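Protein sequence lines, in the order shown, are assigned to chains Y, H, V, Z and F. Position one of the first sequence corresponds to residue 1 (this note's numbering), numbered consecutively onward. Position one of the second sequence corresponds to residue 218 (this note's numbering), numbered consecutively onward. Position one of the third sequence corresponds to residue 687 (this note's numbering), numbered consecutively onward. Position one of the fourth sequence corresponds to residue 875 (this note's numbering), numbered consecutively onward. Position one of the fifth sequence corresponds to residue 1128 (this note's numbering), numbered consecutively onward. Just so it is clear, CB atoms sit at the ideal spot from N, CA and C, and this is done for glycine as well. Remember, predicted model here, so these are calculated numbers, not experimental data. This report concerns only the one structure given below.
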Amino acid sequence: MIKYFLICFVLAGLLVVAAALVRGVRTDLPPWEIFPDMDRQFKVRFQQPSSFFADGVAARLPVAGTVPMGYEIPGKPAARGGIAPGAFTHAADYYNTGRFGEFFGDGMPGEIAVGQELLARGRARFDINCAPCHGTAGNGMGAVSKYWATPITSLHDPRILDRAQTPDGALFFTITHGKGLMGPYGGNITVRDRWAIVAYVRSLQMSQSAGGVAQAE
Amino acid sequence: MPNGTTTADEAMKGPQGVAREPLVLNNRSMNWITERICGVVENRQPLLWWVLFLPSLALAGLLAFCLVYLVSTGVGVWGNNQPVAWGWAITNFVFWIGIGHAGTLISAILFLMRQRWRTSINRAAEAMTLFAVMCAGIFPVFHVGRFWMAWFLAPIPNANAIWQNFKSPLLWDVFAVSTYFIVSVIFWYLGLVPDLATIRDRCKPGIKKLLYGMFALGWRGGNRHWRHYEMGYLLLAALSTPLVLSVHSVVSFDFATSVVPGWHTTIFPPYFVAGAIFGGFAMVLTLMIPARAIYGLQDLITHKHVDNMAKIILLTGSIVGYAYIMELFIAWYGGNKFESDAFHMRILSGPYTTYYYCMFFCNVISPQIFWFRWARHNLWVVMAVCMCVNAGMWFERFVIIVTTLARDFVPGAWGFYKATWVEKSTFLGTFGFFLMCFLLFLRFLPVIAVGEVKGVLPESNPHHGDDEH
Amino acid sequence: MNGTATATAKPPFGYLAEFESVRAVYKAAEKVRDAGFKHWDVHSPFPIHGMDEAMGLGRSVLSWLVFFGGATGALTAFILQGFTQIALYPTIVQGKPANLNTIPAFFPVIFELTILFSAFTVLFGIMGLNQLPRLNHPLFSSKNFCRFSDDGFFIVIEGRDSKFSKEKTKAFLEEIGAKEVELVEDDA
Amino acid sequence: MGNFFPRWSNLLPLKLAFCLVVLGLAVACAMAYYFTPKYTRVGYMPSQPVAFDHSIHVTQLGLDCRYCHSFVEESPHSNVPTTQTCYNCHSVVQKDNPKLAPVHESMETGEPIHWVQIHQPPDYVFFNHSVHIARGVSCQRCHGQVDEMETVYHAEPHSMGWCLNCHRAPEKHLRPQREVFNLTWKPEDEDRETFYRETADLAGLSYEELLGASREKFGFEEMDEPMSQREVGGVLKEAWGVSPPEGCAGCHR
Amino acid sequence: MSAHKSVKDLPEDGEKFDIKKVSKLLGMLFSVGILTTIACAVIFLNQEWRATMAYSWLFAFIFFFTLALGGLFWTLLHNATNSGWGVAVRRLMENLGLMLPWLFVFALPFVVIPDVRGALWEWMGERREMISEAEDYAASHLETETAEWEEKVREARARFSEVRSGIESGMAKATPGEKAFLQEKLDAETAAFDALKSEDAAPTVESIKAHHMKESNVLLYNKGGFLNMGFWFFRFIAYFVILTLLIRFLRGLSVRQDADGDEKRTMLARRMSCGFLPLFAVVTTFAVIDWLMCLDYTWFSTMWGVYLFAGSALSSMAVLVLVLTYLRNLGYLRDVVTEEHYHIMGKLMHAFVIFWAYISFSQYFLIWYANITEETRFFLMRNTGHWNTVSILLVVCHFFIPFLALLQKRVKTTPRLLCAVSLWMIAMHIIDMYWIVIPERGPSLGAGVVVPGAIFFDVLAFTAVGALLAYIFLRSLGKDSLYPCRDPRLEESINLMN
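Printed below as a string of structure tokens:
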């Protein structure tokens, strides 16, 4: 009897292993939740659809014309990565748009304290978001440029160097909304970071034109 | 040694002088004992059995329904809420666990004390223990809400890399109650083996013989076997005795380790144990008095048994009374305002004072009638007191749990608890389940330990009759 | 039924002798012991007080087994709790430290597991020492024998005993007061 | 009258017991092996609506994680990029690749691409990406070598025990903050002097003191000896005062 | 297997202990006892040493008191449970219990020397101070307080008349609903004012006293119903009266049965013992509450009575074993008591070792676990300094070692081994009692954890009480038969089989 049992046992074991496979096998099957209690709750989750709303979108925009209550989070000022007040409501000030009414402004807005820290931040953000196309040197020779249909704009182009033609506000606006074949980055980069990039781009330009000496302002 | 000719009528009058009463009346032979006890299993069940069985089956069904309803709807169908999160559920748990103490106690402690009158009642009492513990287990398991996660209570290494809190009385409860259940099953089964062999040997070949034979393990009654068996049984008794004490002590730790006024008292462990024995013995009598009448077991379960058990009820009832008084005295003497207020609200001003008076009457006053022999010998009185005690012990747990939780330190957090119909039906259902199990036990297993009763007959002494030569 | 010689070479299982009462079987057992038999046993519906001495058997070793079983349980519980509460998952709850000073809180479980392991040792110890379950046994083929669980008292002297002899043993059993002596075959 | 039970029934209980023990052991082993996220989750590799290849974008093109997962440093949630982010390049690059059809479609309709979420903690777990990144826990520690994955799969079990392993011994996993997004970082590559200077700055300690204390603790002699994870993590843990919560309320609230 | 024994084989009038056989020992005990008692008396007379000695004396007294109490308990239990096995040794239990009346003599220092009880039970002194202070306070403050009260009444009167006129004016233009509300308010104000101005509210000496006592020591004030000298003296006497009556009654029945062999006496003893048990429980509990728990009146434990009872039953069983063996060595009780008796006594000791451990663990554990300030101080004190060693010693030596020893049947059935365990148990009980009483001494007398040199007093007191009691006990053994020779259960007992 034991012999038969052992034979059956080994066969059954093999069957189980064959059916269930070993750990870590790549599979399309969603993870098996053995005790699924409360694992998936009926609540709004990041970037997930929700059947609760008619349009199926869980992430809601504020109702038009309203200001979210308590939007300014105490202890977490805009400068530290929070979203600046007004950004939600599409404030039309220079800080948020780079424009004074119809015109692009130049220079950093008052909300930004220009300094080493800002430039470092700008450099980091530039390398993440801009360098793939424009290259770390800003010469338009980023990794993507090999696949790009037309030459990518060099940031050392006189057109951009010229503050009259391309004031800081215009740079900011371009980052936010894109230009030509360049897509808008307003959704990926916070307002402050965009200004930081603008500041960094300016110093980058300066370093190229002034013989490699990067200066603040 | 007295002669064995005492009849039931004589026994009714009680012992004359200091002579020892025989444990088996009417000078019954071994064969008579076998026939009578096995007859319960082998013969058709009396009508009364069915009359009792069907309603208990129905009540057990009610229990099943309530539990399904509870799980499918949520624990909210019970009346538990803050501040009384331990309402009837835990009251019933402690109640049933308490009931479950008598069986092993009768078996173990009385065995250790060489109280040979235990032989007639231990089997049924042990069976009762098991069923009561099962009933008890239902409540905490369902009280946690998601009972299928109960395995979290077992120290199994798991992917969460966390372990049970072994400093928690609730976890000790898990260990204590499950150990108690397992050991009680072993104790019960071990005692059953020779009796199963008896039934096996009386069966005609067939499915019954197969089943009884399997569980009798091929018992042959050889003295070389009895030698280990007796030693094992003695050891189990010796192990079970402290176990019984520990289980209800641990249950009492659930309350007493806290700092809650009315719960934190050092006398809780022995007081709970005494209460459990008290309630358990009452339940044994509640079951055995009708059973002995139905199956004609008066010669085996004699008035002496009833009398002794009534005395134990009196004793433990008085111990419980002592604990009540000590609690009150220390609550006053200790000078802790919260503690004395807790008792003030139990007795004088709270919403549950009636419960306290019911408890006190049922547990302390009513058994005092057992000081009188006529009361111990009148089965109706005994039954009435036992019913009182059964109820009283439930009231005691209710008083401890609910009155305390409903009124704690902060008056702003006071609340009132009322059981819902689901809780009430569940509790009722456990009675049905309990009774059903017990009736099935009567139907299929020897209700009295056949071999052991034979062992207490005078002629079972190998020196019986020596002095006459 | 009664002891007819068979053609097989197999020795008989032994003699089954029935006695009248507890007293008779007790006295007989003392005599069998004194006669120097080794493989024999007394079968009775209940344990007979003092029979161990009458048969010349010592104390059961079970108590020692159980002692060690219990000690294992205590150790298991201690290691389980110490390891999980102090090494693996040291959390401070109820203001109790996560070190050995909190040992009083471990006592309840140490106690319970001691009992649990001891109880299992008892159960399996009895089964092991008695070699149970054994559902089939030559004795069960005797019609008389089934009364051992009712009111029969038997002495069995087994065929494998060196002192066993078909004739002498039967005579011996009758001499010491057996009511009835039956030869039980080893039927397989 | 013979025995009711046949002779073979004598050994049956032993055999049955043996079988049960073997069976029980096997079931226990199987459960230990299968009933854990190491089996149930690891290896989950759903096919995505767009066959996005991380190895091309990260290793070949050198995109930073944050190009797409833009707010991972600031938000509890590491965002999946919007279609616009894809479109920033793919409006031009590989425009006509049929694999990218869903992107174009999404761009036209405004309906987001339904990426399949791979790493999905239970809803009662509140995991915060930003705090982990801010204290030097690399993406790679939890998500595996994503830079080498053609199709992303669940590389680590993400069980609670696995979380706690790190929470109980964070020094085994920490790295300098600047290397968090460098998925190929190794402690051996770390320059000791730079590391200590930076760490001292971060912690507001003096460089010499920090170095001296570490030299004693980790027993290196020369500055150019390769660093070990023990040293890197240990120093960072001390310097930053990293003490991850081990209580329930740390992650379940 | 021994053959069945019959009572007829035993001497008809039992065995009498011939104290001449041990006259040497008796003489020694007596002289040692008297000498040490005199020494103790001298110490008691010394004002400086009196307080220190009080604790030593209490320790010695309580140790022997628990032994005698245990003797009474076993007698009661034996009778109440209708037990057969112990008839052979019951007379020893009775004799042990008979020491209770004598112990009253040894308890006299507590009654007659106010300083002694004052040193032990601080509540007495504190209470006296509290009362006299409150009296002084009341006497000196009666006038000012009365003035204050009158002032208060005046203010209240002014306020009340204002409120009343306001309400009455409001009443004029109120709707019926508002009227009812205003009326209610007015009634309440009137009642409050009447209560304030009534004569009962006027401060008296008594009320000021009570209030002041409550302010100065609320605990002691609240406990006044129990902790006051009159009641204390009453209880003190009552304990001994009750215990003496109990034991003398039971022993009297037993001794008289020796003469006439009347079975009814057994029945009467049994019935009365059942009734006596609750009485015994109450007396034991409150005696140890009074004498030991009240060493610190702020501390309390509901388990206290049970704890002392457990130790008492255990150690008196050990004493019984020792006395029994001693008598058997002298040639008595040889036919009456067998190894089976030893076995049972061993088992009872074992049971009480476990019971003691259970009770003391529960008590310690619950207090340790809940960690409530007013409860922990008992154990904090006993875990300080070297007392901690004693506490751990108790755990190991009062439980684990005897538990393991008594697990073996051989130990329980071999008189020599069982005596060793008994001696051990008694030593442990001494330490247990010492551990209860003595740690209170240092802090109470303001002398730190331990009073240096006081251990000599402890030994002296222990010797004095012990030697004299042993002397009395041995002499009392000689008065009657060593076993109840005509008890109807005697035959059952001597044929005891486990």
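| Item | Value |
| --- | --- |
| Between the CA atoms of glycine 1093 of chain Z and tyrosine 941 of chain Z - distance to the nearest angstrom | 40 Å |
| Cβ pair count under 8 Å reaching 3, the stretch 496 to 508 of chain H against the stretch 567 to 575 of chain H | no |
| Supposed contact pair glycine 187 of chain Y and histidine 177 of chain Y - C-beta distance, whole angstroms, cut 8 Å | Contact doesn't hold; Cβ gap of about 10 Å is too wide. |
| Alpha-carbon to alpha-carbon, phenylalanine 1506 of chain F and valine 1630 of chain F | Outside the displayed span of chain F (1128 to 1625) sits residue 1630 of chain F, for which this structure offers no information. |
| Buried or exposed (CB count within 10 angstroms, at least 16 for buried), aspartate 1327 of chain F | exposed |
| Bridge-paired residues (DSSP) for phenylalanine 839 of chain V | V:Phe705 |
| 8 Å Cβ cutoff, proline 783 of chain V in contact with chain Z | no |
| Proximity of alanine 740 of chain V and arginine 709 of chain V at Cβ, strictly below 8 Å | no |
| Close Cβ partners of leucine 287 of chain H (< 8 Å) along its chain, the five nearest in sequence each way excluded | Val294, Trp295, Phe359, Val639 and Thr643 |
| CB contact below 8 Å: phenylalanine 826 of chain V versus chain Z | yes |
| DSSP three-state assignment for glutamate 1105 of chain Z, whether helix, strand or coil | helix |
| Under 9 Å by beta carbon: chain V residues contacting arginine 1049 of chain Z | By Cβ distance, chain V contributes nothing, its closest Cβ being about 27 Å from arginine 1049 of chain Z, past 9 Å. |
| Test: proline 731 of chain V CB closer than 8 Å to a CB of chain F | no |
| For leucine 674 of chain H, three-class secondary structure by DSSP | coil |
| Proximity to aspartate 193 of chain Y [Cα-Cα], best of Y:Lys43, Y:Leu171, Y:Asp55 and Y:Gly142 | Y:Leu171 |
| Any chain Z beta carbon closer than 8 Å to isoleucine 34 of chain Y | yes |
| Cβ-based neighbour list, glycine 609 of chain H, same chain, cut-off 6 Å, excluding 5 preceding and 5 following | Met576, Cys579 and Asn580 |
| Best match in F:Trp1276, F:Ala1299 and F:Ser1443 for proximity to phenylalanine 1479 of chain F [C-alpha to C-alpha] | F:Ser1443 |
| Beta carbon proximity, leucine 821 of chain V to chain Z, threshold 8 Å | yes |
| Contacting residues, own chain, Cβ-Cβ under 6 Å from alanine 1246 of chain F (five flanking each side not counted) | Ala1178 and Ala1181 |
| Backbone CA spacing between proline 1579 of chain F and histidine 1513 of chain F [nearest angstrom] | 13 Å |
| Cβ of glycine 81 of chain Y within 8 Å of any chain Z Cβ | Reliability fails at glycine 81 of chain Y, whose pLDDT of 47 lies under 50, so the model's placement of it is uncertain and no value is given. |
| N-terminal and C-terminal residue of the alpha helix (DSSP H) that glutamate 868 of chain V is part of | Where glutamate 868 of chain V is concerned, there is no enclosing alpha helix (DSSP H), although the beta strand (DSSP E) it sits in stretches over 866 to 870. |
| Heavy atom of the ligand NAD within 7 Å of valine 191 of chain Y beta-carbon | The model on display carries no ligand, and the ligand NAD is accordingly not part of it. |
| Whole-angstrom distance between isoleucine 618 of chain H and methionine 562 of chain H, CA atom to CA atom | 13 Å |
| Valine 1005 of chain Z, enclosing alpha helix (DSSP H) - first and last residue | 1003 to 1008 |
| Where phenylalanine 53 of chain Y falls, given that 16 or more other Cβ within 10 Å makes a residue buried | exposed |
| Simplified DSSP state of leucine 1048 of chain Z, which is helix, strand or coil | strand |
| Buried versus exposed, by CB contacts within 10 Å (16 or more), glutamine 116 of chain Y | exposed |
| Assigned exposure category for tryptophan 597 of chain H - 16 Cβ within 10 Å defines buried | exposed |
| Serine 50 of chain Y, DSSP secondary structure in three states | coil |
| Stretch-stretch touch, CB-based, cutoff 8 Å, three pairs: the stretch 741 to 759 of chain V with the stretch 795 to 814 of chain V | yes |
| Where serine 246 of chain H meets chain V, residues with beta-carbon distance less than 9 Å | Asp837 |
| Under 9 Å from the C-beta of glutamine 47 of chain Y: neighbouring residues of chain Z | His951, Asn953, Val954, Pro986, Trp989 and Gln991 |
| Glutamine 934 of chain Z, buried or exposed, once every other Cβ within 10 Å from all chains shown has been counted against 16 | exposed |
| Phenylalanine 1407 of chain F versus arginine 1362 of chain F: straight-line alpha-carbon distance, rounded | 14 Å |
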